[in-house]
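J.: After the C-alpha cells below, expect a handful of questions from me.
Number of protein chains: 2
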Amino acid sequence: MAVTIREIAEKAGVSRGTVDRALHNREGVNPDVARRIKEIAASMEYLPNTAARALSLHKEPKKIVFILPDTDSTFFSFIQTGLAKAQEEYREMGTLITAVHMNFRNISAVTEQLDSLMSEGIAGLIITGPDVPELREKLNSMAEKGIPFITYNSDIQSDKGLCYVGQDLYKGGKVAADLMHKLTPCPSLVLAVAGKSDFKAHTERITGFVDGMKEYSKDYDIRIIEGYNPYKRDTFSAVLADPEVKQHVKGIFISTGKVAATMEAVKQSGLLGKVRVICNDEIPEVIKGLKKGYIDFTICQDPVNQGYLPVKIMVQHLMGHPSTPDKWIKSPVEIKTVHNID
Amino acid sequence: MAVTIREIAEKAGVSRGTVDRALHNREGVNPDVARRIKEIAASMEYLPNTAARALSLHKEPKKIVFILPDTDSTFFSFIQTGLAKAQEEYREMGTLITAVHMNFRNISAVTEQLDSLMSEGIAGLIITGPDVPELREKLNSMAEKGIPFITYNSDIQSDKGLCYVGQDLYKGGKVAADLMHKLTPCPSLVLAVAGKSDFKAHTERITGFVDGMKEYSKDYDIRIIEGYNPYKRDTFSAVLADPEVKQHVKGIFISTGKVAATMEAVKQSGLLGKVRVICNDEIPEVIKGLKKGYIDFTICQDPVNQGYLPVKIMVQHLMGHPSTPDKWIKSPVEIKTVHNID
DNA sequence: ATGAAAGCGCTAACAT
DNA sequence: ATGTTAGCGCTTTCAT
C-alpha cells in the first residue's frame, strides 16, 4: 500500500496538518521541522494521492485559463476539439478549465486582459501568440508571481514557462524536402512559397526545406517566393508568368496558409496536376486540392493534441504530479495524403 | 455545482445508500424505487464524481489485466511503453493494472490461464491474439459473467467486446498504393510480399494495396509473392531470379515482418536503391533500410497508443464514465520516412 | 508554530 | 428492502 501523509506524520511525530503545510511550502511551519518532514517523505517515496487531492479541492477548484486567438480558423477548431476532450476528461478533478479568446493584433489589450485574469485569481495559463517583448515580459512576471504557463503551437521564448507544445518546424521543412525529392526529377526548378518573414512558423519551415533539398542535390534550383500581407494572387502569378519558370517548375512547397491564392495562380498558368505540390495542415483548401489530385502531400502537426496536451500537463502539474515535463513537447510531423486525412 | 447522490437521495426521498445500489444495479432494491431513482438521476444529469469514486475504491482497487504475447518484439515493446504510461497515469485511481504474458501458440494454455485469472477475480481484460474459436468463446463467456474485455492490435471478432483498438489494415494498404503510385512510373511491375494467408493483418493490407494500385491504373502489373513459414530468402530470390522480373520490377510492398529476408534478396540481385520499397511498422530492419535509403516509406500504426488507449478506456468504463466507446477505435495510418521516424 | 477535526462524494459494512 | 455510518487521503478552518 502506498505511503500517506498520516504515516509521514507518525514517523515525524507531528500532525497531518503540519505535514501538508510543510510539503506544500505553506508558511507557518518551523524550517527545521519542514526540512525533516520533506526528508522523511522523500525517503519513504511519498507520492500524493491524486484522487484524494482532487476530492478535497472540489469546492474551490484551481482555475486554468486556455487562451485562443479570436479569429475563426479550421486549424484552431482542431485545437478546440482537443481542449474540449481535456475539459471533459478532467471534469471534477480539482481543476476548472476555461477558454478565453483574445485579439493578438492588439497586444496591449492582451496584456490588460491577462492582468484582469490575474486579479480574478487563476492557477495556470495556457497560451499561444506572437513572440513579442510585451507578451514575453508579462508572462515572465506572472511566472514570478507563481502562476505557471504553457505555450502551444507557436512558442513565446522564455525559460520561465513550464513547457512548449508544438512542432519542430525546421524538421517539418526537411520532411517536405524528402517528399519533394521523391516526387520530382533532379535537375529541376522548385518553388517555395514563404509567408511574412517575421512569422517564425513560415521561415523555419522554408529553411528546413531548402536545407533538405540541397542535401539531396546541389542541382535543384530552389526559388523562394516571399508572401506579402495581404498576399495577392498577382505575387505568385507574376512569378509563373515568366515562361522559363513555367516551363521548368516541377514542384511547389507552400509553407503558408495562402494555399487558395497560390493554387489559383497555378491553375491560371495551366500547371494544375503537372506540378507536384506539398502543403501544411489539414485546412479546407488543402483537403480540396488533395481530393482533386492537385496537391500530393500535406504535412500536419496533430493540432487536436496541441489543445489536449497542454491542459493535461497543467492539470498534472497543479495536482502535484512529481515530475516536471520536458521543456519542449514535440508535436509529430505527420505526412498525409488524400487517403489518410481524417 | 455538480449534482451528487445526496441530492438525488433527497429528491427521491430515500437514503444515499439506496441511490448507490440503484444506480449500480446492485441487488436488494425495490425495482420501482430503482427505476424512479434512475429517472431522477437522468433528469438531473447526474455524473458520478470520479475522484470520490476512486478514493472510495482505494482499498480494493478494480483489477485490470493486460495480456501480452510472451515473445520479444520491438513492436510490442512500443505497446508496453503505452501500457506503462497508462499505469503511471492511473496509479491510485481506483484501478490496478497488471501485465500478463501468454504464449499464443498454445491456445488451450491461454484459456486455462484466463480461467485462473477469473477465479482470482478481475474486473476487466485487455487482450490481443489469434481470432480462433476457443479464444473467442472464452472471451464471450467472460463477458457474459460481467467481465468486460477490449481487444487491441489484432481483433478477435465478437460483438461482446467493449471495443477494438487497432488499424484499418485495408486502408493502410491503400495508403501504401498511393505512395507506390507516386514513386513509380506507370506501366511497371510491382511486387507485393504477403505473409501467411491465415494471418488477417497481412492479407487485408495486400488487398487494400492491390485495389489501390488498380484504381490508379490497370497498367500496373501487380504480382503477389506468398510468404511461407518459415519464410525463406529463397522464396523471394527465386522470384527475382527471373530476368524479366529483375528487369521490370520498379516497386516492392512488404506487408509482413519478413523485411530482412526480402531485402537480402533484393541486395543479391543488385536492385538495392533501384527499386522503390514500402514497408510497415518501425521495426529495426525497416529503420536500417530507411537510413540507408533502400526503403522509401514505412506505414505505422502508433503502437504506443495501442497500449495506452485500451487501458484508458477500460479505466473510464469501470469508473463509471457514462458514454460507451466506439466499437472500433482506429489507430492512425502514419506515413513515415527516415526524417520523421522517432 | 502546531494540533484537532470537519468535510469533499462515494462505497460498503452494519443495523434495522 | 432500506437507512445509517465509517472511512478512503488530503486540505483547511478553528483552536491552542
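For the protein sequence lines, the chains are A and B, in the order given.
Quick note: the first sequence uses this note's numbering, first residue 184, plus one each step.
Quick note: the second sequence uses this note's numbering, first residue 184, plus one each step.
Every residue, glycine too, gets a C-beta built ideally from N, C-alpha and C.
#1: Are LYS221(A) and ALA205(A) touching if we call contact CB-CB under 8 Å?
#2: For CYS369(B), count neighbouring C-beta atoms within 10 Å of its own C-beta (all shown protein chains included) and say buried if the count is 16 or more, exposed if not.
#3: Assuming ALA377(A) contacts GLU398(A) under a Cβ cut-off of 8 Å, what Cβ separation, rounded to an integer in Å, is found between them?
#4: Please state the DSSP three-state secondary structure of MET285(A).
#5: Would you kindly work out how many angstroms separate the C-alpha atoms of ILE247(B) and ASN336(A), rounded to a whole number?
#6: In the structure shown, what three-state DSSP assignment does GLU228(A) receive?
#7: Near VAL241(B), what residues of its chain come up, given a Cβ to Cβ distance below 8 Å and the 5 sequence neighbours on each side ignored?
#8: With a threshold of 8 Å between beta carbons, is THR481(B) in contact with chain A?
#9: Using the Cα positions of GLU128(A) and VAL202(B), report the straight-line distance between them to the nearest angstrom.
#10: Is it right to say GLY391(A) is buried, meaning 16 or more other beta carbons lie within 10 angstroms of its own, or is it exposed?
#11: Hey, could you find the ends of the alpha helix (DSSP H) THR445(A) is sitting in?
#12: To the nearest angstrom, report how far apart LEU279(B) and GLY307(B) are at their CA atoms.
#13: State the DSSP-derived secondary structure class of SER514(B), mapped to helix, strand or coil.
#14: Which one or two residues does DSSP pair with GLY349(A) in a beta bridge?
#15: Tell me, please, which residues DSSP counts as bridged to TYR335(A).
#16: Closer than 8 Å, CB to CB, is ILE518(A) near chain B or not?
#17: Excluding the five sequence neighbours on either side, which residues of its own chain have a C-beta within less than 7 Å of the C-beta of THR367(B), listed in chain order?
#18: Kindly indicate the opening and closing residues of the alpha helix (DSSP H) around LEU297(B).
#19: Taking the alpha-carbon positions, what's the PRO508(B) to GLY312(B) distance?
#20: From the beta carbon of LYS457(A), is the nearest beta carbon of chain B less than 8 Å away?
#21: Confirm, please, whether the CB-CB distance from ILE461(B) to ALA359(B) is below 8 Å.
#22: I want to verify the contact list: residues of chain B whose CB lies under 8 Å from the CB of LYS357(A), in sequence order.
#23: Taking C-beta to C-beta, are LEU473(B) and ILE524(B) nearer than 8 Å?
#24: Which stretch, first to last residue, makes up the beta strand (DSSP E) that contains ILE408(B)?
#25: Measure from the C-beta of LEU300(A) to each C-beta in chain B and report whether the shortest distance is under 8 Å.
#26: Going by the DSSP bridge assignment, what does CYS463(A) pair with across the sheet?
#27: Is TYR347(B) closer than 8 Å to THR334(B) when the C-beta atoms are compared?
#28: Could you list the residues in the segment 266 to 300 of chain B with a C-beta less than 8 Å from some C-beta on chain A, going in chain order?
#29: Can you have a look at VAL393(A) and say buried or exposed, based on whether 16 or more other CB atoms are within 10 angstroms of its CB?
#30: With DSSP collapsed to three states, give me the class of PRO252(B).
#31: With a threshold of 8 Å between beta-carbons, can ALA224(A) be considered close to chain B, or not?
#32: Out of curiosity, what's the CA-to-CA distance linking VAL186(A) and LEU266(B)?
#33: Touching or not, the segment 338 to 346 of chain B and the segment 500 to 515 of chain A, by the rule of three or more beta carbon pairs under 8 Å?
#34: Evaluate GLY490(B) with the Cβ neighbour count: other Cβ atoms within 10 Å of its Cβ, from every protein chain shown; 16 or more gives buried, anything less gives exposed.
#35: Taking CB distances under 8 Å as the criterion, tell me whether ASP361(B) reaches chain A.
T.: According to the structure data:
#1: Going by C-beta atoms, LYS221(A) is nearer than 8 Å to ALA205(A).
#2: It is exposed - the Cβ of CYS369(B) has fewer than 16 other Cβ atoms within 10 Å.
#3: Contact doesn't hold; Cβ gap of about 19 Å is too wide.
#4: Residue state, collapsed to three classes: strand.
#5: Distance between the alpha carbons of ILE247(B) and ASN336(A) is about 36 Å.
#6: Correct three-state label for GLU228(A): coil.
#7: According to the sequence shown, residue 241(B) is His rather than Val. For HIS241(B), where only same-chain residues beyond five positions count, the Cβ hits under 8 Å are GLU275 and GLY277.
#8: Against chain A, the CB of THR481(B) has no partner CB under 8 Å away; the residue lies outside that interface.
#9: Residue 128(A) is absent from the model: chain A starts at 184 and stops at 525.
#10: Sixteen is the threshold: when 16 or more other Cβ atoms of the shown chains lie within 10 Å of the Cβ of GLY391(A), as they do, the residue is buried.
#11: Where THR445(A) is concerned, the enclosing alpha helix (DSSP H) stretches over 442 to 451.
#12: If you take the alpha carbons of LEU279(B) and GLY307(B), they lie about 10 Å apart.
#13: Looking at SER514(B) - three-state DSSP - the assignment turns out to be strand.
#14: Under DSSP, GLY349(A) shares a beta bridge with LYS513(A).
#15: Answer is VAL348(A).
#16: Chain B places a beta carbon closer than 8 Å to that of ILE518(A), counting this residue as a contact.
#17: Once the five neighbours on either side are set aside, the close Cβ partners of THR367(B) are VAL373, LYS433, GLY434 and ARG459.
#18: Residues 290 to 303.
#19: Looking at the two C-alpha atoms, the distance is approximately 21 Å.
#20: Not closer than 8 Å to any Cβ of chain B, the Cβ of LYS457(A) fails to qualify, so no.
#21: It is a contact, given that the beta carbons lie within the stated cut-off.
#22: Residues of chain B passing the Cβ test: HIS522.
#23: Yes, the Cβ-Cβ distance between LEU473(B) and ILE524(B) is below 8 Å.
#24: Per DSSP, ILE408(B) belongs to the beta strand (DSSP E) from 404 to 408.
#25: It does not; no Cβ of chain B falls within 8 Å.
#26: The amino acid occupying residue 463(A) in the given sequence is Asn; Cys does not appear at that position. DSSP lists ILE482(A) as partners of ASN463(A).
#27: Yes; because the gap between Cβ atoms is below 8 Å, this pair is in contact.
#28: So the close ones are ARG274, GLU275, MET276 and GLY277.
#29: By the neighbour-count rule (16 or more Cβ atoms within 10 Å), VAL393(A) is buried.
#30: Here PRO252(B) sits in strand by DSSP.
#31: Taking Cβ atoms only, chain B never reaches closer than 8 Å to ALA224(A), which makes this a no.
#32: Rounded to whole angstroms, VAL186(A) and LEU266(B) show a C-alpha spacing of 24 Å.
#33: At 8 Å Cβ cutoff, the stretches do not touch.
#34: That one is buried.
#35: Interface residue, yes.
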